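>
In my numbering, the protein residues as written are 1255 to 1436.
(1) Any idea which residues DSSP pairs residue 1323 with across the strands?
(2) Starting from the Cα of residue 1355, find the closest Cα among 1334, 1266, 1300, 1295 and give me that residue.
(3) Out of curiosity, what's the CA-to-CA distance linking residue 1360 and residue 1391?
(4) Please check the pair residue 1366 and residue 1265, which I expect to be a contact at CB under 8 Å, by giving their CB distance rounded to whole angstroms.
(5) Exposed or buried, what is residue 1419 when buried is set at 16 or more other beta-carbons lying within 10 Å of its beta-carbon?
(6) Could you spell out where the beta strand (DSSP E) holding residue 1350 opens and where it closes?
(7) Going residue by residue through the stretch 1361-1403, where are the continuous beta strand (DSSP E) segments of at least 3 residues, counting only ones entirely within it?
(8) With distances taken Cα to Cα, identify the nearest neighbour of residue 1300 among 1283, 1312, 1288, 1341.
(9) How big is the Cα-Cα spacing for residue 1372 and residue 1261?
(10) Going by C-alpha distance, which of 1422, 1256, 1401 is nearest residue 1408?
(11) The beta strand (DSSP E) with residue 1420 in it runs from where to where?
(12) Report the three-state DSSP secondary structure of residue 1314 (helix, strand or coil).
(13) Using the Cβ count rule (16 or more neighbours within 10 Å means buried), how would you classify residue 1285?
(14) For residue 1298, name the three-state secondary structure that DSSP assigns.
(15) Residue 1258: buried (16+ other C-beta within 10 angstroms of its C-beta) or exposed?
(16) Starting from residue 1282, trace the alpha helix (DSSP H) both ways and give me its first and last residue.
(17) Return the Cβ separation of residue 1331 and residue 1281 in integer angstroms, given the expectation that the two are a contact with Cβ distance under 8 Å.
(18) With distance defined between alpha-carbon atoms, name the residue in 1279, 1256, 1287, 1270 nearest to residue 1437.
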């Protein structure tokens, strides 16, 4: 299955490629980026390439969707990722995003995630999309709310010692107009 690219006003959202490993390494090795993820830093570019191979590239093959590279259209630079991911432990599809620190606070998470949530419901036929966030990560929680997700309790996942806040949006609420289009 071919994964389609999407464009927003400022971003190109496209499937990851192994050649993205050097730029992807910045997302999986910077402690500021990893602060709220529960993940350990990836040591080198080859490690980043392996993460690409075993996570998004494997997800594309297994599920037909996965996290997408976010390319800043103006600069052509990979500045983050955003997208849907199937979480087997929770039997749920999660919307997630991560950006380099210099891109924080500029609305990229909302801009990138909104069309991917829409695609999840309208193209993939999902019935529910969740978002997981550490309680301290207020910026990420605000993005989820902007996307129309509502707080839906807490869950535990193997990567995090503390429970995560779970937000959710159902297909019925999405079809009813939540969130409102830009």
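Beta carbons: idealized from backbone N, C-alpha and C, even for Gly. These numbers were taken from a predicted model, which means no experiment stands behind them.
Working from what's here:
(1) BP columns for residue 1323 point to 1268, 1335.
(2) Nearest Cα to residue 1355 within the set 1334, 1266, 1300, 1295: 1334.
(3) Each residue's alpha carbon lies about 16 Å from the other.
(4) With a Cβ gap of about 6 Å, residue 1366 and residue 1265 count as contacting.
(5) It counts as buried.
(6) It spans 1346-1353 - the beta strand (DSSP E) in which residue 1350 sits, taken as one unbroken run.
(7) Complete beta strand (DSSP E) runs here, min 3: 1382-1387.
(8) The residue among 1283, 1312, 1288, 1341 with its C-alpha nearest the C-alpha of residue 1300 is 1283.
(9) Take the alpha-carbon of residue 1372 and the one of residue 1261: they are about 13 Å apart.
(10) Selected option, being the one with the closest Cα: 1422.
(11) Segment 1418-1424, the beta strand (DSSP E) holding residue 1420.
(12) In the structure shown, residue 1314 falls within a helical segment according to DSSP collapsed to helix, strand and coil.
(13) Residue 1285 comes out exposed.
(14) The answer is coil: DSSP assigns residue 1298 none of H, G, I, E or B.
(15) With fewer than 16 other Cβ atoms within 10 Å, it is exposed.
(16) Counted as a single uninterrupted DSSP element, the alpha helix (DSSP H) harbouring residue 1282 occupies residues 1275-1283.
(17) With a Cβ gap of about 12 Å, residue 1331 and residue 1281 do not count as contacting.
(18) Beyond the ends of the chain as shown, which are 1255 and 1436, falls residue 1437; an answer cannot be given.
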